[in-house]
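A short write-up of the structure that comes next.
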Amino acid sequence: MAYLAGQPIIILKEGTGRTGGRDAQRSNMMAARILGEIVKSTLGPRGMDKMLVDTLGDVTVTSDGATVLDEVEVQHPAAKMMVEVAKTQDDEVGDGTTTAVILTSELLRKAEELLEDDVHPTTIVSGFKKASDKAVETLNKLSKTVDLADKATLRKVAATAMSGREIGEAKEHFAGIAVEAVRHVIERRGESEVADTDNIQIVKKEGRSLLDTQLVKGMILDKEVVHPRMPKKIENARIALLDCALEVEKTEFSAEIRITDPSQVKAFMDEETRMMKTVTEKIKASGANVVLCQKGVDDMVQHFLARDEIMAVRRIKKSDMEKLSRATGAKIVTNLDDLTSETLGRASLVEERKIGDDKMIFIEGCRNPRSVAILVRAGLEKLVDEAERAMDDALSAVAAVVAKNKVVYGGGAIEVELAKRLRSYGPKVGGREQLAVEAFAETLEAIPRILAENAGLDPIDTIVALRAAHDRKTGLAAGVDVRSGKVREMVRLGVLDPTLVKEQAVKSAAEAASMIIRIDDVITAAKPPPPPKGAEEETPPY
150 MAYLAGQPII
160 ILKEGTGRTG
170 GRDAQRSNMM
180 AARILGEIVK
190 STLGPRGMDK
200 MLVDTLGDVT
210 VTSDGATVLD
220 EVEVQHPAAK
230 MMVEVAKTQD
240 DEVGDGTTTA
250 VILTSELLRK
260 AEELLEDDVH
270 PTTIVSGFKK
280 ASDKAVETLN
290 KLSKTVDLAD
300 KATLRKVAAT
310 AMSGREIGEA
320 KEHFAGIAVE
330 AVRHVIERRG
340 ESEVADTDNI
350 QIVKKEGRSL
360 LDTQLVKGMI
370 LDKEVVHPRM
380 PKKIENARIA
390 LLDCALEVEK
400 TEFSAEIRIT
410 DPSQVKAFMD
420 EETRMMKTVT
430 EKIKASGANV
440 VLCQKGVDDM
450 VQHFLARDEI
460 MAVRRIKKSD
470 MEKLSRATGA
480 KIVTNLDDLT
490 SETLGRASLV
500 EERKIGDDKM
510 IFIEGCRNPR
520 SVAILVRAGL
530 EKLVDEAERA
540 MDDALSAVAA
550 VVAKNKVVYG
560 GGAIEVELAK
570 RLRSYGPKVG
580 GREQLAVEAF
590 AETLEAIPRI
600 LAENAGLDPI
610 DTIVALRAAH
620 DRKTGLAAGV
630 DVRSGKVREM
640 VRLGVLDPTL
650 VKEQAVKSAA
660 EAASMIIRID
670 DVITAAKPPP
680 PPKGAEEETP
690 PY
C-alpha cells in the first residue's frame, strides 16, 4: 500500500505478506542456518544419527545429510534453497552433502556479521565469489593425481566416504566391493573416462550380516521362473533378451469370428497351439536356454519351453533389460525372426534362489560385465537401509575419482590449508571485499572445528594445533584424527576425499549463500480463503 495526496493506493492483493530490508535478510539467513545446525552433528566418523518420523509413522535412522533434508518437510523459502544445495551436491557427485550445507550455513553466519558492520550485500557477494574461485583453483593445485589401476587408494577413498556410517567392521569389505563394481562399469567417452553408477544395481535384503554383502558380476532379478517344471538352475547359460510378447496379440480393431461347426473350434485351437509352438521352436533354434522377456509369456509357450528345458522369466523392467544387455552382452530383440545365436548373451550360471521370503533370479559369471549388481545384507531393516546409503556414498566417491582422478587429504586438512592460502590472498583483493574473503577462510575452518566437536574434542585447541601444523611446510596433510584426538598426517591414516566432491561443495555453498544474501524483500501471496461451511458438495445417493 502506498499513499498519494493522503489517498491510499492498493497495489498488492489483500492478505499479501511483505517483509523487507534487514528483517528479510535476517529471516532468510536464520532459516537457512537452522538447517545447517540440524545436519552439522552428523559430520565425520563420530557424527550422530537422526531419527526421522514421517506423517505415516515410518521411521528412518540415518546420518546422511541429503536424506535428512529430503525427509524434513521444509516450509520457509530460504530453507528450501538449502535443500536444493543438498540435492544438487547429491545429484552431481553423490557425496559431500553435509559439507555443502554446513559451508552454506557458516557463510551466511559470517555474512550476517558483515552486514551488521555495514558492509553492502553486493560487496560480500563479490568477495565470496573471488574467494570461491581462488579456493577451487588452489584445491586443484594441492590435489594428488590417482592412477585408476591403484585399487588400494580407491579403497581408501571409498572407506573415507563411509566413515560416518554405522557399518562397523564391514567398512573395508564394502569399500572393496565398491571399487570392483565401479571398475567394471568404467567406459570411455571421448577423451575422458566415466563410471555411471546407474549401471550398478543395488538390491537390499534383510537377513544374515553386513559381511555377507556380495558383488554379483551380472544381474539380480526380483522375479521367479514362470513355470514350475522349468529348470531352476542352468550352467553355461545362453540368454535371449526379448522385447516382444510371447503370446497371441490382440488386434487393434474389434473382430468377430463366427463358428458354425464344432470341428472349427478344434481347428481354431490347433492353429493357436501351432503358432505358440512356432514361437518356441524359433527360440530353441537360436540355441537359447534362458529367455528373459520384457512382456508376457503365454501359458502354452510356458509349457513348450518347460518341455524343452528352457528357463523363462517375464515382465522384466525396461531399465533392467538394458542392464542385462550390458552385463551379458546380449542384444535386445524386438522380433523373434531376428533372434540368432549372435544376439544371445552369456553367463556361467543362471539360478533361482530364495533370499529371505522372496525368490530371485541370479545371473552370474558374465565374461565382461559392463553392468553389475550388489546384494546388500544386514540383520535389521533400518540397518539394511543405512548400509545401502553407505554403499551408494562409496560408489559415488569412487566414480567421482574416475571422472576427475584427483584426491585431497580429508579430516579437515584441505580446509585448513585453503583457509591459510585465502588469508594470504585477502590483502591482494583489498578494500571491503577483503573482509568477505577472510570470512570465507574462517568458514572453511568450520569443517575441522565441527569434526572436533562431534568427536568430543576442544574445537579451539584443535584449530590452533591445525594452524600450527599447516604453518610448517611439511604440514599439508595434517588433519583431525577423531579417534586419538590428535592432529595427525592423513596420509598415514588413509583419509582421502575426491577433489570433485570438495570442489562442488565449495561452489554450491558460495552460490547458494550469495543468492540468499542478495534478497532484501520477501513478498508472499495471500492464502485462498477457506470454503464456507456447508459449501461442500453433498454425496449423491446413487
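In terms of my numbering, the sequence shown has 295 at position 146, counting the first letter as 1, and numbering is strictly consecutive.
The beta-carbon is built from N, C-alpha and C at its ideal position, and this holds for glycine as well.
Only a predicted model underlies this, so the values are computations on that prediction, with no experimental measurement involved.
Beta-carbon proximity list for residue i, same chain, < 8 Å, skipping 5 on both sides
i: Leu288; result: Val557, Ile563, Leu567, Thr648, Lys651, Glu652 and Val655
i: Val268; result: Arg581, Leu584 and Ala585
i: Lys278; result: Ala659 and Ser663
i: Gly445; result: Ala394, Leu395, Glu396, Arg463 and Arg464
i: Leu488; result: Ala389, Leu391, Lys431, Ile432, Ser435, Ala437 and Val482
i: Pro518; result: His333, Lys366, Gly367, Arg475, Ala476 and Thr477
i: Arg175; result: Glu261
Selected residue, minimal CA-CA separation from residue i, among the options
i: Lys472; options: Leu498, Asn517, Ala461 and Val521; result: Val521
i: Met470; options: Glu255, Lys259 and Leu370; result: Leu370
i: Glu430; options: Arg456, Thr409, Ile408 and Arg407; result: Arg456
i: Phe511; options: Leu493, Ser490, Met460 and Val547; result: Met460
i: Ala627; options: Ser633, Ser545 and His619; result: His619
i: Glu262; options: Lys320, Glu602 and Glu587; result: Glu587
i: Thr247; options: Asp486, Leu303 and Leu218; result: Leu218
i: Glu530; options: Arg616, Gly356 and Val428; result: Gly356
i: Ser358; options: Gly325, Gly317 and Ile183; result: Gly317
i: Gly561; options: Ala180, Glu220, Leu252 and Glu186; result: Leu252
i: Ala496; options: Ala527, Val375, Lys382 and Arg570; result: Lys382
i: Lys320; options: Ala614, Ser657, Glu535 and Ile599; result: Glu535
i: Gly276; options: Lys635, Lys259 and Leu291; result: Lys259
i: Glu373; options: Arg337, Val440 and Met231; result: Val440
i: Asp646; options: Val202, Ala307, Lys199 and Ala227; result: Ala307
i: Gln180; options: Val210, Met231 and Thr209; result: For the record, residue 180 in the displayed sequence is Ala; it is not Gln. The option with the nearest alpha carbon to Ala180 is Met231.
i: Gln238; options: Ala549, Lys635 and Ala173; result: Ala549
i: His225; options: Ile183, Thr271, Thr211 and Gly494; result: Ile183
Secondary structure of residue i, DSSP reduced to three states
i: Ala626; result: coil
i: Leu488; result: coil
i: Asn385; result: strand
i: Met311; result: coil
i: Ser633; result: coil
i: Ile335; result: strand
i: Asp507; result: strand
i: Leu441; result: strand
i: Lys293; result: strand
i: Met424; result: helix
i: Met664; result: helix
i: Thr673; result: strand
i: Glu513; result: strand
i: Val274; result: helix
i: Ile408; result: coil
i: Val352; result: strand
i: Leu481; result: Just to set this straight, residue 481 is Ile in the shown sequence, not Leu. In the structure shown, Ile481 sits in a strand (DSSP, three-state: E or B).
Residue span of the beta strand (DSSP E) that contains residue i, given as start and end
i: Asp646; result: Leu645 to Pro647
i: Leu524; result: Val521 to Ala527
i: Met460; result: Met460 to Val462
i: Ala344; result: Ser341 to Ala344
i: Met368; result: Met368 to Leu370
i: Leu359; result: Neither: Leu359 is in no beta strand (DSSP E) and is coded neither H nor E.
Other residues of its chain near residue i: CB distance less than 7 Å, five sequence neighbours each side excluded
i: Leu524; result: Val352, Lys354, Thr362, Gln363, Val365 and Ile369
i: His540; result: In the sequence under discussion, the amino acid at residue 540 is Met, which differs from the His named in the question. Once the five neighbours on either side are set aside, the close Cβ partners of Met540 are Phe323, Ala327, Ile351, Ile523 and Val525.
i: Val274; result: Ser663, Ile666 and Arg667
i: Met449; result: Thr422 and Met425
i: Gly559; result: Thr309, Gly628, Met639, Val644, Leu645 and Asp646
i: Val202; result: Val208
First and last residue of the uninterrupted alpha helix (DSSP H) at residue i
i: Arg616; result: Pro608 to Asp620
i: Glu120; result: Any answer about residue 120 is impossible in this case: the structure gives the chain only from 150 up to 691.
i: Glu501; result: Here Glu501 belongs to no alpha helix (DSSP H); instead the beta strand (DSSP E) covers Gly494 to Ile504.
i: Leu642; result: Met639 to Leu642
i: Met449; result: Asp448 to Arg456
Contacts around residue i, its chain only, beta-carbon distance under 6 Å, and the 5 residues preceding and following it disregarded
i: Asp213; result: Arg538
i: Asp392; result: Gln443, Ile481 and Thr483
i: Glu255; result: Thr592 and Ala595
i: Ala604; result: Arg195 and Val631
i: Val188; result: Gly214, Val217, Thr247 and Val250
i: Ala310; result: Asp244, Asp542, Ala543 and Ala546
i: Arg572; result: Ala590
i: Asn177; result: Ala227, Ile665 and Ile668
i: Val223; result: Lys229 and Val232
**Message:** Ignoring anything shorter than 3 residues, give me the beta strand (DSSP E) runs that lie fully in the stretch 176 to 260, in order along the chain.
**Reply:** 199 to 202 and 208 to 211
**Message:** I'd like the ranges of any beta strand (DSSP E) spanning at least 3 consecutive residues and lying wholly in the stretch 549 to 607.
**Reply:** 555 to 558
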